[in-house]
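Take this note's numbering: the final residue in the sequence shown is number 359, and no numbers are missing along the way.
Don't be surprised by glycine CBs; every beta carbon is placed ideally from N, CA and C.
None of these values were measured; they are calculated from a predicted model.
Reviewing the structure listed below.
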Amino acid sequence: MSDCIFCMLANGEIPTATVYEDSDFRVILDANPASKGHSLILPKEHFANIREMPDELLGKAAVLAKKMSVRLTEAMNCDGLNVVQNNGEAAGQTVFHFHIHLIPRYAGSAPIVANWHQGVLTEEDKAEILSKMG
Ligand code: 5GP
Ligand code: ZN
């Protein structure tokens, strides 16, 4: 996709702060970080979201998320780390090239990942969802 900013960043067409690169992925620092060390895993090939990702590449992305979580935790000495992946505008996706957020968390810092209101699973919803997902 010639007009996709993440295609250009992932493939080095626009210089960016890169913390890891291999033949399939580039991991970059988010330009507007939620916390110090906030990084993005970008596949070099364009896929809009998780549904479009080929299984094998998605598997590699998951393994890389683990590897980068270990590295970030050691390098940044963070106390926790959120792995976030948004699909679709309604879910907060703003760049429509698959990416995984790695967000280091530091004890005592303000909450930065949306804390959703916890509802209660009703018997009606449970039955409906289980029948639809069956
Ligand atoms: P989304 O909301 O789609 O899950 O996340 C998009 C992320 O990409 C945001 O956290 C945003 O700060 C980051 N971002 C958008 N444009 C750029 C850019 O040009 N460079 C970098 N490094 N990050 C970007
Ligand atoms: Zn792209």
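Just to check, is the beta-carbon of residue i closer than 7 Å to a non-hydrogen atom of ligand 2?
i	result
His324	no
Met301	no
Phe250	no
Verify the contact flag: residue i, CB atom, against every heavy atom of ligand 1, threshold strictly below 7 Å.
i	result
Val320	yes
Asn311	yes
Thr347	no
Could you tell me the distance, in whole angstroms, from the CA atom of residue i to the CA atom of residue j?
i	j	result
Ser332	Ser264	Checking the displayed sequence, the identity of residue 332 turns out to be Ala instead of Ser. Rounded to whole angstroms, Ala332 to Ser264 spans 19 Å at the Cα level.
Asn307	Ile230	24 Å
His248	Arg296	With the sequence shown as reference, residue 248 is identified as Ser, and His is not the correct amino acid for it. For Ser248 and Arg296, the distance between alpha carbons rounds to 19 Å.
Thr243	Asp304	23 Å
Name the two residues that bound the continuous beta strand (DSSP E) containing residue i.
i	result
Arg330	325-330
To which residues does DSSP link residue i through a beta bridge?
i	result
Ile170	Nothing about residue 170 can be read from this structure; the chain reaches only from 226 to 359.
Leu306	Pro329
Just reading off the alpha helix (DSSP H) that residue i is part of, what are its end residues?
i	result
Glu314	Run containing Glu314: none; DSSP gives neither H nor E here.
His232	Looking at the sequence shown, residue 232 is not His but Cys. Here the alpha helix (DSSP H) through Cys232 covers 230-235.
Ser294	280-301
Leu355	348-358
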